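In what follows, a structure is listed as structure tokens, so that the remarks can point back to it.
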DNA sequence: AGACTAAGCGGACTATACCCCGTTTAGCAA
DNA sequence: TTGCTAAACGGGGTATAGTCCGCTTAGTCT
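Residue numbers (our numbering), protein chains in the order written: chain A, 1 to 200; chain B, 1001 to 1200.
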């Protein structure tokens, strides 16, 4: 039998040493952040602390913000799973309005829990890359089930995503980290109220 | 008569050469941005093109983003004047809901008109410094005249400001500058509809 | 006008993100 | 085991934001 014409494109899984280094770097990064604060993390410093070359660090994460995105990945996936297949009202099953309301609170709390890393993860590009686009997508889908005649659902989805993803960072500039808890609760409540008025 | 106890603190106006240089730098910056794009503007490049030392550039603007903020200042003041003392519904005189609606459209259009510079003006700190805090303040004031029982007006103001200030930058990551006009109109319409449903 | 001083200025210096490319090595096949 | 190749690695190199500090000068006071 002849070999397959298309060689099956085996993605040739991540090399063992690469995996090891990636995990090691993330572990060291977490430690450095805990010790010094996220804004103090430098690429040179991370490489040195991990006993690896700077080139390796960049190969792994591409950019400084990439490190923070990688650090968020775990909790982000957990969050997305809760939204996509967790129990209602955050997960599927509840009516759209309820899911919108629940999503806002959950998202704000989730962002607040990682606020330092979240901030650094969006420093290079102005926007936020992958982060937040999940919110847009999710809103877009939920809005299908809501009656908003004559309005672009895409536009509404972006608007809502911006309202959920950025206020925490805006308030951080103004106040400090200590005052976050109050802000989180207020924001969550405001979001919920507005969504209900808006859609209800 | 004895001299005043407090020497009247004359702010000792900006020196003539400083004024000259500031205007010159802004003029050169505008030219460079037009020629090369805002993201290509470097401090060294600006200093060289203006035939001034780098130190001078930094003394004038403090940070790279400061240059872009200075470039926005004119149009920003004009915008704020239109809101604070222009004709209704953007200016005072109209009912709060109308002013909210008008503000959103005006703000989005204003941001779109300067989108490249706006983007660069918020690159250093994560938030946006002074930009946008005007929106928060304005919303805060307008909301006094709206019935939203049991919700923190501060939180709502921040939420709305985020919804107005950031979507354009989010969509910029996703699409390109060409598609802005459509986004602007959609966003403005979405904003208006949502505000009316929210408050009405 | 002449002197005094605060403000402005310039450019060398530092810190740090990100690039390049020659060298090493993991993973596979004969 | 041995050889082969693509991937990973290292660390010196570059670009650019931002700092420092000694020199110069505008504006003011007498």
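Backbone N, C-alpha and C fix where the C-beta goes; we use that ideal spot for every residue, glycine too. Because the structure is a prediction, the values reported are computed rather than measured.
Express the C-alpha separation of residue 1118/B and residue 1069/B in angstroms, rounding to a whole number.
In the second chain, the residue the question calls residue 1069/B occupies position 69. In the second chain, the residue the question calls residue 1118/B occupies position 118. Their Cα atoms are separated by approximately 8 Å.
Residue environment, residue 1075/B, which counts as buried when at least 16 other CB atoms sit within 10 Å
Taking the first residue of the second chain as 1, we reach residue 1075/B at position 75. Result: exposed.
Check the DSSP bridge columns for residue 1029/B and list the partner residues they point to.
The residue given as residue 1029/B occupies position 29 in the second chain. Partner(s): none; residue 1029/B has no beta bridge.
Taking 8 Å as the threshold (beta carbon to beta carbon), is residue 1171/B in contact with chain A?
Along the second chain, read from residue 1 onward, the residue named residue 1171/B stands at position 171. Answer yes: the Cβ-Cβ gap between residue 1171/B and chain A drops below 8 Å somewhere.
Sequence-distant residues of its chain with Cβ nearer than 8 Å to residue 1045/B (five each side left out)
For this step, residue 1045/B is matched to residue 45 along the second chain. Answer for residue 1045/B: 1032, listed in chain order.
Going by DSSP in three states, residue 1095/B sits in which element: helix, strand or coil?
Here residue 1095/B refers to the residue found at position 95 when the second chain is read from its first residue. Coil.
Measuring alpha carbon to alpha carbon, tell me which residue in 1135/B, 1108/B, 1051/B, 1156/B is nearest residue 1021/B.
The sequence position of residue 1021/B within the second chain is 21, counting from 1. Residue 1051/B is the option with its Cα nearest to residue 1021/B.
Residue 1080/B, buried or exposed, once every other Cβ within 10 Å from all chains shown has been counted against 16:
The residue labelled residue 1080/B in the question sits at position 80 within the second chain. With fewer than 16 other Cβ atoms within 10 Å, it is exposed.
Please classify residue 92/A: is it buried, with 16 or more other beta-carbons within 10 angstroms of its beta-carbon, or exposed?
Here residue 92/A is taken as the residue at index 92 of the first chain, counted from 1. That one is exposed.
Identify whether residue 165/A lies in helix, strand or coil by the three-state DSSP scheme.
Residue 165/A sits at position 165 when you count from the first residue of the first chain. Residue 165/A: helix per DSSP, three-state reduction.
For a cutoff of 8 Å on Cβ pairs, would you count residue 96/A as touching chain B?
Taking the first chain and counting its residues from 1, one reaches residue 96/A at position 96. So no, residue 96/A is outside the interface.
Would you say residue 1176/B lies against chain A (beta-carbon separation less than 8 Å)?
Position 176 of the second chain holds residue 1176/B. No, residue 1176/B lies away from the interface with chain A (no Cβ there is under 8 Å from its Cβ).
Distance cutoff 8 Å, beta carbons only. Does residue 1029/B sit that close to anything in chain A?
Residue 1029/B sits at position 29 when you count from the first residue of the second chain. No, its Cβ sits nowhere closer than 8 Å to a Cβ of chain A.
Looking at residue 162/A and residue 123/A, is the spacing between their C-beta atoms short of 8 Å?
Within the first chain, numbered from 1, the residue matching residue 123/A stands at position 123. Within the first chain, numbered from 1, the residue matching residue 162/A stands at position 162. Cβ distance not < 8 Å, so residue 123/A and residue 162/A don't count as in contact.
Count the other C-beta atoms from every protein chain shown that fall within 10 angstroms of the C-beta of residue 1009/B, then say buried if there are 16 or more, exposed otherwise.
The count along the second chain starts at 1 and reaches residue 1009/B at position 9. At residue 1009/B the pLDDT is 46, less than 50, meaning the model places this residue with poor confidence; the figure from the coordinates comes in the next sentence. Exposed.
From the beta carbon of residue 186/A, is the nearest beta carbon of chain B less than 8 Å away?
Mapped onto the first chain, residue 186/A falls at position 186. Closer than 8 Å to some Cβ of chain B, the Cβ of residue 186/A qualifies, so yes.
Buried/exposed call for residue 135/A, threshold 16 Cβ in 10 Å:
Here the question's residue 135/A lines up with position 135 in the first chain. Burial call: buried.
Are the CB atoms of residue 188/A and residue 105/A nearer to each other than 8 Å?
Looking up residue 188/A in the first chain gives position 188. Looking up residue 105/A in the first chain gives position 105. Yes, the Cβ-Cβ distance between residue 188/A and residue 105/A is below 8 Å.
Name the two residues that bound the continuous alpha helix (DSSP H) containing residue 75/A.
For the purposes of this step, residue 75/A is identified with residue 75 of the first chain, where counting begins at 1. 64-85 is the extent of the alpha helix (DSSP H) around residue 75/A.
Rounded C-alpha distance that separates residue 1037/B from residue 1176/B
In the second chain, the residue the question calls residue 1037/B occupies position 37. In the second chain, the residue the question calls residue 1176/B occupies position 176. Rounded to the nearest angstrom, the two C-alpha atoms are 14 Å apart.
At a Cβ cut of 8 Å, what residues of the region 142-158 of chain A count as close to chain B, listed as they run along the chain?
148, 150, 151, 152, 154, 155, 156, 158
Kindly list the residues whose CB is nearer than 6 Å to the CB of residue 96/A, restricted to its own chain and excluding five residues on each side of it in sequence; keep chain order.
Taking the first residue of the first chain as position 1, residue 96/A is located at position 96. Hits under 6 Å: 142, 145, 146.
Is there at least one Cβ from chain B nearer than 8 Å to residue 181/A's Cβ?
Mapped onto the first chain, residue 181/A falls at position 181. False, the Cβ-Cβ gap to chain B never drops below 8 Å.
Would you tell me roughly how many angstroms separate the C-alpha atoms of residue 1182/B and residue 28/A, rounded to the nearest one?
Position 182 of the second chain, counted from the first residue, corresponds to residue 1182/B. Position 28 of the first chain, counted from the first residue, corresponds to residue 28/A. Roughly 46 Å between the two C-alpha positions.
Mapping DSSP to helix, strand and coil, what is residue 56/A?
Along the first chain, one-based indexing puts residue 56/A at 56. It is helical.
Coarse secondary structure for residue 150/A, derived from DSSP in three states
In the first chain, residue 150/A corresponds to position 150, counting from 1. Residue 150/A: coil per DSSP, three-state reduction.
Would you kindly work out how many angstroms separate the C-alpha atoms of residue 132/A and residue 72/A, rounded to a whole number?
Counting from 1 along the first chain, the entry for residue 132/A is found at position 132. Counting from 1 along the first chain, the entry for residue 72/A is found at position 72. Taking the straight line from one Cα to the other gives about 12 Å.
Just checking: is the beta-carbon of residue 106/A within a distance shorter than 8 Å of some beta-carbon in chain B?
If you number the first chain from 1, residue 106/A lands on position 106. No, no contact with chain B.
Residue 166/A CB to nearest chain B CB: under 8 Å?
Counted from its first residue, the first chain places residue 166/A at position 166. Taking Cβ atoms only, chain B reaches closer than 8 Å to residue 166/A, which makes this a yes.
So what's residue 51/A in DSSP terms, helix, strand or just coil?
Translated into positions along the first chain, residue 51/A becomes position 51. It is coil, neither helix nor strand.
Cross-chain neighbours of residue 1194/B in chain A, by beta carbon under 9 Å
The count along the second chain starts at 1 and reaches residue 1194/B at position 194. By Cβ distance, chain A contributes 148, 151, 156, 159, 160, 194, 198.
Status (buried if at least 16 other CB within 10 Å, exposed otherwise) for residue 3/A
Within the first chain, residue 3/A is the residue found at index 3, counting from 1. With a pLDDT of 39 at residue 3/A, under the threshold of 50, the modelled position of this residue cannot be trusted; read the value that follows with caution. Label assigned to residue 3/A: exposed.
Nearest to residue 1202/B by alpha carbon, out of 1035/B, 1086/B, 1025/B?
There is no way to answer for residue 1202/B, as the model of chain B reaches only from 1001 to 1200.
Considering only C-alpha positions, which residue in the set 99/A, 108/A, 63/A is nearest to residue 121/A?
The residue labelled residue 121/A in the question sits at position 121 within the first chain. Answer by Cα proximity: 63/A.
Would residue 62/A pass as an interface residue toward chain B - the criterion being a Cβ-Cβ separation below 8 Å?
Along the first chain, one-based indexing puts residue 62/A at 62. No, residue 62/A does not count as interfacial toward chain B.
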